[in-house]
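K.L.:
In this note's numbering, the protein residues as written are 1 to 208. All residues carry an ideal CB built from backbone N, CA and C; glycine is no exception. For reference, the structure I am asking about is given below.
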């Protein structure tokens with residue numbers, strides 16, 4: 001069942017979502033509604049010309065930081081100090097690059113103007129965090145996400161140089177005080193680094 005949200009600050013039970021995870025339509029991207037959504041394992045995902053769509057998939061692709069897999073070649077790259085990593089220093093640049101990044105199988109980006117404004121407000125309030133990866137003085141990779149109850153809900157990442165986004169993710173696993181990274185949807189790239197599927201009930205239990 002797909003629910004139509006009103007001005008009331010409330011979401012339906014995530015277990016009532018459709019098979020593809022679509023739970024509700026409408027509402028807004030206010031700070032309060034976004035925080036309530038993430039606290040209940042729900043996230044917005046929609047295109048520029050669509051109404052706001054809210055999802056809670058039946059399975060979540062997650063990574064436990066202590067289980068991250070780092071290949072021998074990747075460890076050599078990290079040890080070489082080829083990349084420098086910063087934290088929460090250039091959020092605007094990270095989300096802009098994520099929005100402009102071309103992705104295989106996708107026409108355009110879901111990081112539209114409403115999303116850009118909403119997550120900028122969340123960042124200003126300390127709920128959204130960015131990791132920046134530099135080669136010399138060039139921003140070559142990074143990621144951003146929402147931090148809720150020691151769970152980092154990864155929203156997007158980008159990479160202009162090979163292994164830059166991996167460097168950002170590994171830094172997050174090794175340096176941030178978090179217990180779980182919500183990768184949301186499956187990718188081979190993240191599976192190779194140790195991410196795995198958990199069902200909605202288990203994910204919500206971990207989140208709470």
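Determine the extent of the alpha helix (DSSP H) in which residue 125 is found, giving its start and end residues.
P.N.:
Element bounds for residue 125: n/a, residue is neither H nor E.
K.L.:
Going by DSSP, which residues form a beta bridge with residue 33?
P.N.:
In the DSSP output, where bridge partners are listed per residue, residue 33 has none listed.
K.L.:
So what does DSSP say about residue 117, is it helix, strand or coil?
P.N.:
Three-state result, residue 117: helix.
K.L.:
Drop a sphere of 10 angstroms on the beta-carbon of residue 193, count the other beta-carbons inside from all chains shown, and report buried for 16 or more, exposed for fewer.
P.N.:
buried
K.L.:
Tell me where the alpha helix (DSSP H) around residue 92 begins and ends.
P.N.:
91-100
K.L.:
Assuming residue 65 and residue 181 make a contact with CB atoms under 8 Å, what is their CB distance in whole Å?
P.N.:
Yes, residue 65 and residue 181 are in contact; Cβ-Cβ is about 7 Å, under 8 Å.
K.L.:
What residues are listed by DSSP as bridge partners for residue 24?
P.N.:
3, 54
K.L.:
How is residue 86 classed by DSSP in three states: helix, strand or coil?
P.N.:
strand
K.L.:
Starting from residue 63, trace the beta strand (DSSP E) both ways and give me its first and last residue.
P.N.:
59-63
K.L.:
Quick one: residues in its chain with C-beta nearer than 7 Å to the C-beta of residue 39, no 5 flanking neighbours on either side, listed in chain order?
P.N.:
For residue 39, the CB contacts under 7 Å within the same chain, skipping 5 residues up- and downstream, are 148 in chain order.
K.L.:
With burial defined as no fewer than 16 other Cβ atoms inside 10 Å of the residue's Cβ, what is the status of residue 133: buried or exposed?
P.N.:
Buried, by the Cβ-count rule.
K.L.:
Are there three or more Cβ pairs, one per stretch, closer than 8 Å when the segment 135-151 is compared with the segment 86-97?
P.N.:
yes
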